[in-house]
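**Student:** Structure below; questions to follow.
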Amino acid sequence: MKNTRKTRVQEVLASEHSLVKANSLRMLPIALFSILLLIGVHISSAQEDETEIDTYKAFNANAHIKNMHTWHGFVVHPGAVFATSLEYKTRDQKFTFGVWGGASLTSVDVVNKDTGDYVGANYKEFSIYTSYRFSNKFFIEAVTHNNYTGVEERGDKLEYWSYDKTQGYNFVDLNFGYNISDNTLLYVATILGGGSGDYEVQEDASLKNSWTHYFEVKSKVWEKDDYSLSLFAGGAWSFFTDKTFYTEGTGNVINVGATLGKNINFGTYKMPVEVTAMWNPEKEKTVLQLDITLF
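Counting from 1132, one number per residue, gives the positions in the sequence shown under the working numbering.
Here it is in structure tokens:
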């Protein structure tokens, strides 16, 4: 009787073991699937993290179309222009090196010095700039401005890399910017080396560098939805000469105005547009500039 009971117990245990084994075999695909799913999720997360890192783009390009080109209170070109830029930025976004170019759709008249005739000259500029942002508030920038509009049309020899004082189209700016708040920027620019006419002719016919300084305050005063309004005022002066690069006489306020920015929406694409009303009290000139960012 005892042996019979033992046999039955063994049969029950064997049956339960077989059931557990069968259940385990049935659960094995589910377990494997779960493991594979976890591995897939981990790989996907790793790829997402990698994608976030790889969103850094070292190079970028921009294009603008404008009804005119103004700069520091100057009307550089009174007609429509294309403006483009190509630049490199480091991963931390602190260092930038780029080139900026402009080409006009319209021309201005210049006098050919050999024939005395008026000839059309299209606006042409190719400038190089570099900047370093020390923080969210402070940056330093250097720009070599190379505006060679009308050089060959006047009968002059084009020398792109020449910074001769009397040549008339190459000079270097050293600029500093400081955000005293999220909405207000203080900006100072100094012309180096007397290029492009930044000098005063002395009584002995020598040329004295002006080292002209330009100072501007710009502040965003209103913002709603895709609209923003900024006011600005800028002036120029020299510690060394009476005239400056921007003025015929002593230093003066030369750039006062307002800029309204908005986005024009084409589906998910937003096209930034700015309209600037600028007044130059020194030259008694007022203009309205339209600037459309294409990309």
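The C-beta atom is built at its ideal place from N, Cα and C for all residues, glycine as well. Fair warning: this is a prediction, and the values are worked out from it, not measured in the lab.
If I follow the unbroken beta strand (DSSP E) through Phe1346, where does it start and stop?
**Tutor:** That run of the beta strand (DSSP E) goes 1344-1355.
**Student:** Measure the CB-CB distance between Val1384 and Phe1363 and report whether it falls below 9 Å.
**Tutor:** No, Cβ-Cβ distance for Val1384 and Phe1363 is not below 9 Å.
**Student:** Specify, as a first and last residue, the run of the beta strand (DSSP E) that Glu1405 falls within.
**Tutor:** Per DSSP, Glu1405 belongs to the beta strand (DSSP E) from 1400-1411.
**Student:** Verify whether the separation of the beta carbon atoms of Lys1429 and Ser1361 is less than 9 Å.
**Tutor:** This structure does not reach residue 1429, given that the chain is present from 1132 up to 1426, and the question cannot be answered.
**Student:** CB-CB under 7 Å to Leu1289, same chain, minus the five flanking residues each way: which ones, in chain order?
**Tutor:** Hits under 7 Å: Tyr1279, Val1282, Glu1283.
**Student:** Taking just the CA atoms, how far does Gly1229 sit from Glu1354?
**Tutor:** So the two alpha carbons sit approximately 30 Å from each other.
**Student:** How many angstroms separate the CA atom of Tyr1294 from the CA atom of Tyr1187?
**Tutor:** Distance between the alpha carbons of Tyr1294 and Tyr1187 is about 36 Å.
**Student:** Only counting the same chain, and skipping five residues up and downstream in sequence, which positions put a Cβ closer than 8 Å to that of Phe1370?
**Tutor:** Here the set comprises Trp1342, His1344.
**Student:** Pull up the distance between the alpha-carbon of Asp1422 and that of Glu1334, whole angstroms please.
**Tutor:** So the two alpha carbons sit approximately 44 Å from each other.
**Student:** Out of Lys1351, Ala1320, Val1404, Thr1407, which has the shortest C-alpha to C-alpha gap to Trp1368?
**Tutor:** Of the listed residues, the one whose Cα sits closest to Trp1368 is Ala1320.
**Student:** Note down the Cα distance separating Leu1323 from Ala1336, rounded to an integer number of angstroms.
**Tutor:** If I take the Cα positions, the gap works out to 21 Å.
**Student:** Any idea if Trp1292 is buried or exposed, counting beta-carbon neighbours within 10 angstroms, 16 or more meaning buried?
**Tutor:** It is exposed - the Cβ of Trp1292 has fewer than 16 other Cβ atoms within 10 Å.
**Student:** Are the CB atoms of Thr1261 and Phe1307 nearer to each other than 9 Å?
**Tutor:** Contact: no.
**Student:** Looking at Gly1233 and Lys1268, is the spacing between their C-beta atoms short of 9 Å?
**Tutor:** No, they are not a contact pair.
**Student:** Suppose you measure from the CA of Thr1315 to the CA of Met1409; what does that come to, to the nearest Å?
**Tutor:** One C-alpha to the other measures close to 18 Å.
**Student:** For Asp1329, count neighbouring Cβ atoms within 10 angstroms of its own Cβ and tell me buried if that reaches 16, exposed if not.
**Tutor:** It is buried - the Cβ of Asp1329 has at least 16 other Cβ atoms within 10 Å.
**Student:** Going by DSSP, what residue range makes up the beta strand (DSSP E) through Gln1420?
**Tutor:** Segment 1416-1424, the beta strand (DSSP E) holding Gln1420.
**Student:** Comparing alpha-carbon positions, which option in Ser1359, Ala1194, Trp1202, Ser1258 lies nearest Phe1346?
**Tutor:** Here the closest residue by C-alpha is Trp1202.
**Student:** Among the residues of its own chain, which have a CB less than 8 Å from the CB of His1195, if the five just before and after it don't count?
**Tutor:** So the list reads Phe1213, Ala1214, Thr1215, Asp1422, Ile1423, Thr1424, Leu1425, once near-sequence residues are dropped.
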